[in-house]
Ligand code: TUI
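Residue numbers (the numbering used here): 2 to 315.
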């Protein structure tokens, strides 16, 4: 099942564990990489010394390549960009903006650069700037999302840049069916976040994990569309309050205050009422806690079975 993405980064399975702010740390990323995928440590707003510690934790768990995410809207983007070079991190993914000004230094240091993109125009811009691969992320994803669905976005990004770089699909993918579908759309691999929220190595509050395991198909909603930072979360009191205020035409400043610290409330305190419980639409499919190794082996075994059982249809 090796794809050109596997060759590019030197991994067994073409799966990236999506960066999850305040969630994906060295332990999770190390476990994903040790299992044959690419684990990603989220760098957003993590102080440099703590991030360095997390990178070293991942290195102590695995000798295989792993990555760090640079969230470009975050104040510490510049520091994270430098730290990955200092620490010899093999892969960088980026989100919520253009990493253009960092790309040259990363490439000189031999870092594989993989921006996450929500549209064809941004995918083209990233490839022109020197990206080695792109993740085309549909609006089904958790967290900060674009407008397009994975089904519409991935083949269009593949047509636009797939002859130059590998394209990975993200958003709404959590099992072997999703992997097969991504391959059929022309992707060379997938990025999954929500499925890894259920991993044994994922250090979120037990209430958060339970919420994901219990979630149904219609349980997420996008808040903050008017603020320019649309974020998909599990519906709760915080999400309903924000949507109500948006409907009433309240100024973004009025409800953005609710978002401050809300992710920490969910991840660390387990506040499922007023915390920001970021999750993708596929949470309804995520029903059991497993190790990263079990998750990765299961989804790729499933992908083979799905392909065998469905190929006669074509
Ligand atoms: O970045 C994500 N997902 C995220 S970031 C995040 S942290 C956060 N917390 C609170 C509020 C807002 C964010 C949680 N989830 N996904 C990748 C992604 N990147 N989605 C969309 C984009 C994107 C958008 C615009 C990438 C590039 C871009 O370029 C615009 C430009 O030209 O600069």
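Glycine included, every Cβ here is placed at the ideal spot set by N, Cα and C.
1. Check whether the Cβ atoms of residue 82 and residue 45 lie closer than 8 Å to each other.
2. Hey, is residue 132 close to the ligand TUI, as in C-beta under 7 Å from one of its heavy atoms?
3. Take the Cβ of residue 19 as the centre, count every other Cβ of all protein chains shown within 10 Å, and call the residue buried at 16 or more, exposed below.
4. Enumerate in chain order the residues of its own chain whose CB-to-CB distance from residue 47 is below 8 Å, with the five nearest sequence positions on each side excluded.
5. Cβ of residue 168 within 8 Å of Cβ of residue 187?
6. Taking all protein chains shown into account, decide if residue 164 is buried (16 or more other Cβ within 10 angstroms of its Cβ) or exposed.
7. Which of the three DSSP states is assigned to residue 5 in this structure?
8. Does the contact criterion of 3 or more C-beta pairs under 8 Å hold for the segment 290-306 versus the segment 24-36?
9. Taking its Cβ as the centre, do 16 or more other Cβ atoms sit within 10 Å of residue 313, making it buried, or is it exposed?
10. Less than 7 Å between the CB of residue 138 and some heavy atom of the ligand TUI, yes or no?
11. Can you look up residue 156 in the DSSP assignment and give me helix, strand or coil?
12. Under 8 Å by Cβ, that's how I've got residue 73 and residue 110 pegged, so tell me the actual separation to the nearest angstrom.
13. Thinking C-beta only, is residue 191 closer than 8 Å to residue 166?
Answer, in terms of the structure:
1. Cβ atoms of residue 82 and residue 45: not closer than 8 Å.
2. No; taking the cut-off as 7 Å, the Cβ of residue 132 has no heavy atom of the ligand TUI nearer than that.
3. Residue burial is scored here from C-beta neighbours: residue 19 has at least 16 other C-beta atoms within 10 angstroms and is therefore classed as buried.
4. Correct list, in chain order: 55, 77, 81.
5. The Cβ atoms of residue 168 and residue 187 sit closer than 8 Å to each other.
6. So residue 164 ends up on the exposed side.
7. In the three-state reduction of the DSSP assignment, residue 5 falls in the helix class.
8. By the criterion of at least three beta-carbon pairs nearer than 8 Å, the segment 290-306 is in contact with the segment 24-36.
9. By the neighbour-count rule (16 or more Cβ atoms within 10 Å), residue 313 is not buried but exposed.
10. It does: the Cβ of residue 138 is within 7 Å (strictly closer) of some heavy atom of the ligand TUI.
11. In the structure shown, residue 156 sits in a helix (DSSP, three-state: H, G or I).
12. So it is not a contact: roughly 18 Å between Cβ atoms.
13. Taking the C-beta atoms as reference points, residue 191 is found no nearer than 8 Å to residue 166.
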